[in-house]
Structures are given as C-alpha cells and as structure tokens.
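Working notes, structure below.
Number of protein chains: 2
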Amino acid sequence: MQASITSPSDRLSTLRAMIAARGLDGLIMTTADAFQNEEAPDHDRTVGWLTGFTGSLAHALVFADRAIFLVDGRYGLQAARQVDGNAWQFGHLIKEPVAHWLRATAPGTRIGYDPMCWTVNQLEALHKDAAGVDLVPWPDPFAQIWQDRPAMPQAPLREMPQDQAGRTVASKLAWLQGEMSAANADLWVETRPDNIAWMFNVRGGDVAMNPLPLSFAVFSAVGPAQWFIDPAKLAVAVPEGVAAQPFEAFLPWLEANAAGKSAAFDPAFTPDAVAKALAKTGARMQPSRGLITVAKSLKTKEELAGYRRAHLDDAIAMARFGQWLTHELPVREATNQPLDEWEVAGVLAGFRKMSPRYLEPSFTTIAATGENGALCHYAPAAKGSGQLRAADVFLCDSGGQYLCGTTDVTRTYAFGPVADDIRHVATAVLKGFIALCAARFPTGTMPHQLDALARAPLWALGLDYDHGTGHGVGHNLLVHEHPHRLGKVANPYGLEAGHMLTIEPGYYDEGRWGIRLENQVEVVARGPGFLGFEPLTLVPIDLSLFDLTALTTEECDWIDTYHQRVRAEIAPLLDHPVQDWLITATQPIPPR
Amino acid sequence: MQASITSPSDRLSTLRAMIAARGLDGLIMTTADAFQNEEAPDHDRTVGWLTGFTGSLAHALVFADRAIFLVDGRYGLQAARQVDGNAWQFGHLIKEPVAHWLRATAPGTRIGYDPMCWTVNQLEALHKDAAGVDLVPWPDPFAQIWQDRPAMPQAPLREMPQDQAGRTVASKLAWLQGEMSAANADLWVETRPDNIAWMFNVRGGDVAMNPLPLSFAVFSAVGPAQWFIDPAKLAVAVPEGVAAQPFEAFLPWLEANAAGKSAAFDPAFTPDAVAKALAKTGARMQPSRGLITVAKSLKTKEELAGYRRAHLDDAIAMARFGQWLTHELPVREATNQPLDEWEVAGVLAGFRKMSPRYLEPSFTTIAATGENGALCHYAPAAKGSGQLRAADVFLCDSGGQYLCGTTDVTRTYAFGPVADDIRHVATAVLKGFIALCAARFPTGTMPHQLDALARAPLWALGLDYDHGTGHGVGHNLLVHEHPHRLGKVANPYGLEAGHMLTIEPGYYDEGRWGIRLENQVEVVARGPGFLGFEPLTLVPIDLSLFDLTALTTEECDWIDTYHQRVRAEIAPLLDHPVQDWLITATQPIPPR
Numbered sequence: 004m005q006a007s008i009t010s011p012s013d014r015l016s017t018l019r020a021m022i023a024a025r026g027l028d029g030l031i032m033t034t035a036d037a038f039q040n041e042e043a044p045d046h047d048r049t050v051g052w053l054t055g056f057t058g059s060l061a062h063a064l065v066f067a068d069r070a071i072f073l074v075d076g077r078y079g080l081q082a083a084r085q086v087d088g089n090a091w092q093f094g095h096l097i098k099e100p101v102a103h104w105l106r107a108t109a110p111g112t113r114i115g116y117d118p119m120c121w122t123v124n125q126l127e128a129l130h131k132d133a134a135g136v137d138l139v140p141w142p143d144p145f146a147q148i149w150q151d152r153p154a155m156p157q158a159p160l161r162e163m164p165q166d167q168a169g170r171t172v173a174s175k176l177a178w179l180q181g182e183m184s185a186a187n188a189d190l191w192v193e194t195r196p197d198n199i200a201w202m203f204n205v206r207g208g209d210v211a212m213n214p215l216p217l218s219f220a221v222f223s224a225v226g227p228a229q230w231f232i233d234p235a236k237l238a239v240a241v242p243e244g245v246a247a248q249p250f251e252a253f254l255p256w257l258e259a260n261a262a263g264k265s266a267a268f269d270p271a272f273t274p275d276a277v278a279k280a281l282a283k284t285g286a287r288m289q290p291s292r293g294l295i296t297v298a299k300s301l302k303t304k305e306e307l308a309g310y311r312r313a314h315l316d317d318a319i320a321m322a323r324f325g326q327w328l329t330h331e332l333p334v335r336e337a338t339n340q341p342l343d344e345w346e347v348a349g350v351l352a353g354f355r356k357m358s359p360r361y362l363e364p365s366f367t368t369i370a371a372t373g374e375n376g377a378l379c380h381y382a383p384a385a386k387g388s389g390q391l392r393a394a395d396v397f398l399c400d401s402g403g404q405y406l407c408g409t410t411d412v413t414r415t416y417a418f419g420p421v422a423d424d425i426r427h428v429a430t431a432v433l434k435g436f437i438a439l440c441a442a443r444f445p446t447g448t449m450p451h452q453l454d455a456l457a458r459a460p461l462w463a464l465g466l467d468y469d470h471g472t473g474h475g476v477g478h479n480l481l482v483h484e485h486p487h488r489l490g491k492v493a494n495p496y497g498l499e500a501g502h503m504l505t506i507e508p509g510y511y512d513e514g515r516w517g518i519r520l521e522n523q524v525e526v527v528a529r530g531p532g533f534l535g536f537e538p539l540t541l542v543p544i545d546l547s548l549f550d551l552t553a554l555t556t557e558e559c560d561w562i563d564t565y566h567q568r569v570r571a572e573i574a575p576l577l578d579h580p581v582q583d584w585l586i587t588a589t590q591p592i593p594p595r
Numbered sequence: 004m005q006a007s008i009t010s011p012s013d014r015l016s017t018l019r020a021m022i023a024a025r026g027l028d029g030l031i032m033t034t035a036d037a038f039q040n041e042e043a044p045d046h047d048r049t050v051g052w053l054t055g056f057t058g059s060l061a062h063a064l065v066f067a068d069r070a071i072f073l074v075d076g077r078y079g080l081q082a083a084r085q086v087d088g089n090a091w092q093f094g095h096l097i098k099e100p101v102a103h104w105l106r107a108t109a110p111g112t113r114i115g116y117d118p119m120c121w122t123v124n125q126l127e128a129l130h131k132d133a134a135g136v137d138l139v140p141w142p143d144p145f146a147q148i149w150q151d152r153p154a155m156p157q158a159p160l161r162e163m164p165q166d167q168a169g170r171t172v173a174s175k176l177a178w179l180q181g182e183m184s185a186a187n188a189d190l191w192v193e194t195r196p197d198n199i200a201w202m203f204n205v206r207g208g209d210v211a212m213n214p215l216p217l218s219f220a221v222f223s224a225v226g227p228a229q230w231f232i233d234p235a236k237l238a239v240a241v242p243e244g245v246a247a248q249p250f251e252a253f254l255p256w257l258e259a260n261a262a263g264k265s266a267a268f269d270p271a272f273t274p275d276a277v278a279k280a281l282a283k284t285g286a287r288m289q290p291s292r293g294l295i296t297v298a299k300s301l302k303t304k305e306e307l308a309g310y311r312r313a314h315l316d317d318a319i320a321m322a323r324f325g326q327w328l329t330h331e332l333p334v335r336e337a338t339n340q341p342l343d344e345w346e347v348a349g350v351l352a353g354f355r356k357m358s359p360r361y362l363e364p365s366f367t368t369i370a371a372t373g374e375n376g377a378l379c380h381y382a383p384a385a386k387g388s389g390q391l392r393a394a395d396v397f398l399c400d401s402g403g404q405y406l407c408g409t410t411d412v413t414r415t416y417a418f419g420p421v422a423d424d425i426r427h428v429a430t431a432v433l434k435g436f437i438a439l440c441a442a443r444f445p446t447g448t449m450p451h452q453l454d455a456l457a458r459a460p461l462w463a464l465g466l467d468y469d470h471g472t473g474h475g476v477g478h479n480l481l482v483h484e485h486p487h488r489l490g491k492v493a494n495p496y497g498l499e500a501g502h503m504l505t506i507e508p509g510y511y512d513e514g515r516w517g518i519r520l521e522n523q524v525e526v527v528a529r530g531p532g533f534l535g536f537e538p539l540t541l542v543p544i545d546l547s548l549f550d551l552t553a554l555t556t557e558e559c560d561w562i563d564t565y566h567q568r569v570r571a572e573i574a575p576l577l578d579h580p581v582q583d584w585l586i587t588a589t590q591p592i593p594p595r
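Written out as structure tokens, the structure reads:
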C-alpha cells in the first residue's frame, strides 16, 4: 500500500490516513501483546516501531490533530529522548490514563483499538471511565503498514521432565476438568504462555529470558484440550489429551465451538477479542480467577527441590562474584582502569554459566554504581556504563534461568567507609528486610497485608520506596510470576505453604545512591494455621553498609542464623580463595 | 388479613402463604433496614419479629419446603437458642451466603426480596453469584402480616451549632454541588442518615445511641436539595437551600424528577429500590464513592476541638471509674458481695453522666470479666451478669455520645497477680497496640496496609484476633463511622490528616480471658508527606497485665510519654482520691 514508510513521522501520517479510511476518529495503542507479556516479541513492538520508544510499558492515542504518548514515572526521561516531541504530546500513564484523554473527546467519537492487545478488564474500565466514546475493534492495525515487520518467533519447545515438574500433564488436565465441572464451565480459555507451558510440561524460547512458547489453549471440561501453536515449535510430542491446532485457528475455533457453552477465563489477562468471539456465539461468559495461575503458584515438592538446587548454583556464582569484586575493584581502581558496570555484569553472567543447569539470565542484570543505583530500572549498556569506585555503593540485581528453576537476587556492596546518613537509611532498609523475612502470619494472609512490615522502619524516617516489596517467581518460567505480587496494592490471592516469592525492600536517593536487598523465599508452614518464609537465596549480606549497633538482638540473631546457613551450605561447594571470602563474609556479628 | 398471628410458627406459615399468593418460590430477608443502620429501629426488625432473633446481623431464606437462617460466628449460639430449630435450618452467613442457597435452587426460580433493605451492590452480587434465579422486588413484605408493628420513630431534631460543626450548611451544599458538577452528576441520592445529619448540621434521636434522623435526601447540582423526613421531627428550621418533603415521597420524587438526568449514589449503601426507581425513568446511573462519607470523615478544626473536649470529660469519668473499681473490688470481694458486670457498667455510665456535655452511651457497654472477656460482643444483662474477682482479668469497652463528639475506649484491668501465659500474650497485644499507635506512614496509606503492624507480635506467637483493628468515629454521630475501617479487608479510602480512628487490637482465649486495648486517635501530619496518630483517649493503661521486661526501650518510652500526657492533662481536672489514683497509675516504668 505504501512505498516508503521510513521515518517515524511517515509512519504516523500513514497511520492517520488508515484511521480516517476506516471511518474512525482515533486509535488507542499499548505496548502490550496478546499474551500480556512483560517483554513482547519484536513482532508485537508496534508502539516502538511507530514512535522509536524501547521501554516496556506505554500507551498512546492518535487523533487527526494530536497524538498523545503516556508513560509512568520510570520512563518519562526515556520517552522524551526517544519519541518526537513535535509529533507527540507526553502524559502520565497513571495520573492521566487513556480514559482521561478519551473523556475529553466529543460524545460519539469512534476510537479504534486492537482487541488482542487490550484485556477484557481494560475494555470494561474504558467503557465505564470513558462512557460515550464508541470503542471499535480493529484487529492488528499495523498489519498492512509495518512492512519490514519481524516474524513471530518459532523457537522449538523442550520438555520439562516429569521428575522435575512433579505432576504429569494428564494429572493437570484431570485436575482442571474437575475444577471446571465444579464451576459449571464447559471451556477454560487460556492466553498466558507461562500457564500453558506449566499445563503441558514444556518450556519455549520465543522471548529472551522468558522461556515461554507463545501460544493459546482452550481446555474443555470433557474431551481434548486445544493447543493453538505454530507447528514449527513442536519439537516435543503433543501430550495425550491435547490436540494441536494452527496458531491462527484460536479465535475461529472459539467462534465455531463455543455456542451454547459456558466459557470461563481470567479477565485480567484475556484479550477483549476472546470475549468478542465468545459473545458472537452467544456463549455464557464466566470471568473468573486464573485457575491455572493459582494452581501453578503452589509449587510441587519436585519443583521446590529444583529451585533449591538452582539457588545452590546461584549462590556459588554470587560467592565467586563477591570474592572477585572485592579483590578486583581496588586493584583496578589503583591502576586507573576502574571496573565498569557492563564488564561486571558480564563477569557475573560468566560465573552463572559455569553451572551445567544454567540457561540464560532471568532478566537484564541491574549493575548500578553510585547514583545509577538510584534508578530502579537501570541497566548498564556496553558503552558509557558507570565506573565502580570504592567510595560508591554498588547495587546488583540479577538472576538466572536454570533447567530446574528461576532465581532472582539483589545485593548491595560497599567497598570502603559509608557516610553516616547512608548507613542510617540503609539500616532501616535492612530492618524492614529482616522484619518481613522473619514474619510469621496466618495461612491465607494476602500479600498486601505484609507490605508495611518491610516499609515501617523507612516510614519512621519519613522515607519510602516506589516499587513493590516482592513478587512470585516461576519454575524456569517468568521471574515475575503472577499472582503473588507483594506491595501496597491490594492482592486478593492469599498465601499458602509452597508459594514462591521475593522480598526486596530498597531505598533510592536520586543523584546519589541506591540500596536494595532481595532474597527469594519459599512460603512454609510454621505451626498450625501459620506460615513463614524460608530463604532460598544463600548469598552473604554485606554488613559494612549498616549500623549494626542500631539492630535489636533479634535482628542480629536473624542475620547470624542466615549467615551460618549460607556458610554451612555453600562453603563446602567452594574452593580457595572464594571459600575464604565466604567464610569472612559470614562471620557472626561481634558482641556489642 | 390474619386474625391471630401470635407465634413464630404462625408467622412463618402466614409468610409462606403470602409468598405463594404472590407467585413466588421464596423470599430472602436481611436484618438490615433501608438506611443500612448498624442498629435498626424496632419498626424494621422484621427478621426478629419472624424468628425471635435479637442479634444485629442475619440473613434468612424462606422456601415452601424449607427455611434457612444464616448468621456469622458471633451469633451461632444465640441463633440456636432464639430461633426454632424445627422450623429453621442454620447456616453460616459468610461461608454459605444467600447466593449459595439460591444457586442450589432450580433455574428460573422466582425469589422475592425487599428492595429497600438490600443494597445495589448486594443485588449486583446476587445476580452474578446466583445467575439463573429470578429476583423479584417485593416492597415491605411484612406490611400486612405484622399487625402490632411498632411505628417508625419520630424523635425531634436538634441543631449541631455551627461553631461546633465548623462549616455552614450553605458551604457544604455549595461544595457538594461543585463535586457533582465535576463528576457530571445532576443528582446525588443520599440514604445514609449520618451523612444527612452532617450535611444539614442536625442530630436526631431515632435509634438509641445513634443520634441520627432517619431520612433520605436528594441533592441537585443546581437548585434546592430535597429532604425526605417525617415533619414531626422538624423541631429545627429546615436549612436554606433545602426543601422538606414527606418521608414517603422519596422514591416517587425520583421517579417524577430523575428522567434525563445523571444520578450518582454510593452503591455500597444505597437501596436497590433507588436504582430500580432511577431505571424506570431512564436516568443515567452513576455508582460512585460516597462523596459525603469521604468529606465527613475529614474533621473540621472545630469538630476536632469538640472531640478533644469530649475526651477530657471521658478521661475524667474513666479515671473516676478506675479509682472506684480498684478501691471497691477488694472490699466487695472480702465482704462476699462481689461487684457484678451490670452494676459496674452502671457506675461507669454514672461517672460519664457527670459531664454537662454527655448525652448517652455511644454503644452498649461491654463489661466482661474472666471468660466473658473472651466473647467479643458480650454485654452484661441485669440478671446473671458475671462477678468481678481479683483473680480475673476485666475487660471494659465503652464510650459516650457528647454534644461535641463521640468517644470509644477499651481498657483491660488486673487486680492481682497475672498468670505467666496470660502476661506473655497480653504483652504481644500491647506491643501491637504501641506499634500501630506510634506508626508513621505516607499520606494516602490505606487502612488495611497498617493492620499487620498491630497483629505481627501476636502472629509471632501463632495467635491472632478475629475482628478489625480499628474504625472511624463520628462527631456525635455513629461510633462506627465509614469509611475508615482498619482491618485485614482491603479498604480503598486512604488516610489524611484530620481523620478519626480507633486502634484496638486484642486477644481472646475462649473460656478463660480476653484483653483489648483501645485508643481513639486523630490522624495528624508528621513531616512532609507523612502521617501519624495522636491519641485523643487519655486513660491510664494498667501495666500490671504485662511483662515490662519484654518491652524495647522505644516501647517503654512510648508508654511513659503517653502516661505523662495523661497525667499532665487529666490530673489537674481531678480531686483527691481520684487524682492520687491517676498519679499512681501513670508512674513511669521503673528502669530495668
């Protein structure tokens, strides 16, 4: 249709012509894909193609006479740098969301949206918050105009062996059919790739660091499950009780088979297009909690053993890293060849690669020195990354995808004397970290109920951090796994023994320094009706950052017990000189 | 219609005949009235009339062949004692709610309900959770069969003087009209009597201890507000900008005036009948946060001064009570004429009555000794109330309605040595109480985020309490004022300086003892962007219950600071010997 759409401004004017040609007054866009992936495959980075923005979350609105680009606080600077301020007006994604801009339009305005990229819940909210606007589905608006669009990935599947998964596909299918019968649901529509990977005991490689097969599935209370997946990916046998279908057949299958049925789905993640396809058939829609999301969060004993094994490997790598860093930093600084963050991140990756079970990072390593540590989502680039100096605090948040589990750990290091004010605040972070790690709480407690325990010591100083306190972690799946995000926002999914979380309070002093401490923990029973957290992460905590005299006896005991365990489990797996470093790093706190 | 409906079983069979005569298969009932009062007037105690149940919360279902009576854990024993188990089957209100029983009926079943007594949200949930059941509005099903029904109360209004309210009715009306215009709402329908009392700067007396005028109001973005109230109550002038209407004209007025308008209301409290009346007119319905509920919760400086004045009066009464109790208990026990709970509650009421500002209790006094203290909702009766003994722990939760504010305080007393295990648990309650009282937290923090701070010390012992940790308190209005309930349940109404709460953790050991500590607190600014709690309650805490050696220095300091303030503010208002008692009761904790 277009001969040469080369620049962002060409792209925007072409898009405007398309919008007008469809009889619409505008289009709303999201960086999300149909799977609500945290990282979309290149094929689905439509907002990036249109605007040049490379961040992971933005919404955009294009009207004939204006275009609006919305990001949250994390991405304000980046959007201003990457997106053309002459063509786009910037706004705040949370404070002035899409609905805010739609409300300002004339009643009856017709606005297009891609029904695969917006969820059922999002559409419901838009209909409510921008009542009067006519929202018109427009499947894949970029199909025609994005000419050199990357293909959808076709990474081959691999099996998650049953002795590591702990449950057969057959048992999972039988369980789900039982749940569906109890809920009077004939169909369960599943669009989250990690849920599908878990159900079918497979892993994929369609998105870096997210070992997922991008696919859809529809489960039936009676009869086979339908798996909509590119056949090129099927390097493993399709499980018994599952029928493979072409990826493209997903919505047509629903339209052909859902009539007269009751179809359940998780409206927080399911594309609006699914609800539209079901509505066409007259199927009874049953928005529901994510059945598979909840079942997957309760790890089997085989999965738990895998996480523990992965954390031993991770602890060895982190010990090697800690020893190397402590030794190398002063040498390199003295010879005027300071370490830079990019190099340091690479060295850490190298240590992880020494495990035969290691596959790839579980997310982009945050290696951030001094003021970079205050940028929560900082990641060093090959060129121009920060230089580590003994006078600065160094924050490192990293993790690995292992065949048997996923890890996520943050440690903050000091290499010399720490300023009193930094030490004072860092100690509050440590106190909050310990308070939550050591907490005991009733079974079923919801994650948000625990959040304040980690924040209270910072709050007492009039300080806070602007991110969650923890999140679920997948089993060689997503490092941020639903539904157990632990933060200020209400989370109705209660905790039970076998859940997997991180605990990661921090503090960020813009322009100066940042600290975060993060352990991955398993939720375990602690007496009848009560739970606690058992650490999986076995990495020394650098105590030189803290005012140890400000800790209570209980807090000191917690650290000593933790360090004793790190030493007992990890030291035997290490050789000199890393073993010596670990033994020094896990010394008991001297009596006060 | 019926000549002699005298016994509960007559009433039930008559009701069944009425249900059948209307072509229905059943009726659902609630103890709630149209105002969602915590205490309904006698006229609206339909479930009580039908069954004999006197508790404040129950739901019931009557079908042709069965009748089901639902209460929560508090009322299980009482329901079994008061309600005929031959006629009624008992169930759990939370675990197996009305929808559970409706789901078990055949599809297409026609079930009646009184649309004034069920809220918009309740009906929406029933439609969703019991899809397939046909819910049929049946206004006031008891109108014909309850022959000796009490009339609606007609207590005269009194003014809340402007110098105590702090805002004129005109300013409140102008504010509300501004809010409505901003939200594009033409009408605001208000059915909560405390919100109406606050808007019109009046108080009523329709329900004991709840100084409310039972009435409805509809506010217009332009033009006068309509106040639907029995004219017999209008002992004060109707404010300017307000038109009085007969109480019965409420729904007809909506039906006659809402057409073409946008009508906003709080669906958590508004009767389904309002939504039905609006729907008839085709008005656009705008379910919304309770605008007046939120505005009322932010106390004016005049209201805050009133609460403080009321708490001085309350503290004097509580000091007199503490001194009397401490003196009298051993004397009466020694002479074999032990005090009983009823008498003690009466003496406390007598001390409160000595204030010229005192009107009545703000709720039924809980005076509970020994094992009675483990019953959260215990209230002594004139006959057979428990006897106070020095060997028992005594829990007293009481409060007053004063002209200038409402109070609510709980103290637990020991009169002799306390068993080690009781002391151990009581100390955890105290630690949680102090942790929350002393907490600092960001402005906008939601009440549920703070709940765990009060529970964590009990959780650490594997213990918990099964009630909320705090609630809002009205200004000579409801002692349980929305929206700031502080508990485990998510509460989206953030805290700001000027809010009014209680903090009241406890512990209850069934069959043995109970403890609760409760202070009323004002939310105050504590540095930029942060808040804290300032105590209004100035009543000594009986430290003989606790293991003071288990407290941290900070916890001891908090108690000492609090007691110093109690002594400084209250001792000068007392005479010998109460003053001496207070000075002893507020001694600093001895150095450890």
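So the protein sequences, as listed, match chains A and B.
Positions 4 to 595 (the working numbering) are the ones given, in order, by the first sequence.
Positions 4 to 595 (the working numbering) are the ones given, in order, by the second sequence.
Just so you know, even glycine gets a beta-carbon here, dropped at the ideal spot from N, CA and C.
Owing to the predicted nature of the structure, the values given are computational and were not obtained by experimental measurement.
Give, in chain order, every residue of the segment 141-153 of chain B whose Cβ lies closer than 7 angstroms to some Cβ of chain A.
Taking 7 angstroms as the Cβ-Cβ cut-off against chain A, none of the residues of the segment 141-153 of chain B qualify.
For a minimum of 4 consecutive residues, which ranges assigned as the alpha helix (DSSP H) are wholly contained in the segment 477-533 of chain A?
Qualifying alpha helix (DSSP H) stretches: none in this window.
Exposed or buried, S388 (chain A), counting other C-beta atoms within 10 Å across all chains shown (16 or more means buried)?
Per the 10 Å Cβ criterion, buried.
Would you say S223 (chain B) and Q180 (chain B) are within 9 angstroms of each other, going by their C-beta atoms?
Contact: yes.
Span of the alpha helix (DSSP H) holding R69 (chain B)?
That residue, R69 (chain B), is in no alpha helix (DSSP H); it is neither H nor E in DSSP.
Can you tell me where the alpha helix (DSSP H) with L565 (chain B) in it begins and where it stops?
Checking the displayed sequence, the identity of residue 565 (chain B) turns out to be Tyr instead of Leu. That run of the alpha helix (DSSP H) goes T556 to I573.
Name the chain A residues that come within less than 8 angstroms of R48 (chain B), Cβ to Cβ?
Going along chain A, no residue has its Cβ under 8 angstroms from R48 (chain B), so there is no contact; the nearest lies around 34 angstroms.
Anything in chain B within Cβ reach of F444 (chain A), meaning under 7 angstroms, just list it in chain order.
Going along chain B in sequence order, the residues near F444 (chain A) (Cβ under 7 angstroms) are W462.
Would you say P580 (chain A) reaches chain B, if we count a Cβ-Cβ gap shorter than 9 angstroms as a contact?
By this cut-off, P580 (chain A) is not an interface position.
Skipping 5 residues on each side, what residues in its chain have a beta carbon closer than 8 angstroms to that of D87 (chain A)?
Contacts found: P11, S12, T54 and G55.
Got a sec: is the Cβ-Cβ distance from F533 (chain B) to anything in chain A below 9 angstroms?
Yes, its Cβ sits closer than 9 angstroms to a Cβ of chain A.
In chain B, what lies closer than 8 angstroms to H451 (chain A) by C-beta?
Correct list: H451, Q452 and A493.
Along chain C, in chain order, which residues have C-beta atoms closer than 7 angstroms to that of D467 (chain A)?
The chain inventory of the structure shown lacks chain C, comprising the protein chains A and B.
Between the segment 527-551 of chain A and chain B, which residues of the former have a C-beta closer than 9 angstroms to a C-beta of the latter?
Here the close residues are R529, G530, P531, G532 and F533.
Compare the Cα-Cα distances from L257 (chain B) to each of B:S291, B:A220, B:W201 and B:V225 and report the closest residue.
Answer by Cα proximity: B:A220.
Would you check if the segment 259-270 of chain B and the segment 242-251 of chain B touch, i.e. whether three or more CB-CB distances between them fall below 8 angstroms?
Counting Cβ pairs under 8 angstroms, fewer than three are found: no touch.
Taking the straight line between their C-alpha atoms, what separation do you get for A6 (chain A) and T409 (chain A)?
Low per-residue confidence applies at A6 (chain A): pLDDT is 49, beneath 50, and the placement is therefore not dependable, though the value from the model is reported in the following sentence. Looking at the two C-alpha atoms, the distance is approximately 46 angstroms.
My parser needs the beta strand (DSSP E) runs of 3 or more residues fully inside the segment 209-246 of chain A; what are they?
DSSP runs (the beta strand (DSSP E)) wholly in the segment 209-246 of chain A: 219-223 and 228-231.
When the Cα atoms are used, what is the spatial distance from G447 (chain B) to I295 (chain B)?
Those two C-alpha atoms are separated by around 18 angstroms.
Please name the residue in A:P110, A:M183 and A:A228 whose C-alpha comes closest to that of A173 (chain A).
The candidate whose alpha carbon is nearest that of A173 (chain A) is A:A228.
Using a C-beta cutoff of 9 angstroms, does I448 (chain B) count as contacting chain A?
The sequence given here places Thr at residue 448 (chain B); Ile does not occur at that position. By this cut-off, T448 (chain B) is an interface position.
Between T57 (chain A) and chain B, is the shortest Cβ-Cβ distance under 9 angstroms, so that the two count as touching?
No - not a single Cβ of chain B is within 9 angstroms of the one on T57 (chain A).
Closer than 8 angstroms by beta-carbon distance: list the chain A residues that pair up with L456 (chain B), in chain order.
Within 8 angstroms Cβ-Cβ: A455, L456 and A459.
Does the beta-carbon of T589 (chain B) have 16 or more other beta-carbons within 10 angstroms, so that it is buried, or is it exposed?
Buried.
Suppose contacts are defined by Cβ-Cβ distances below 9 angstroms. Is T33 (chain A) in contact with C120 (chain A) by that definition?
Contact flag set, yes.
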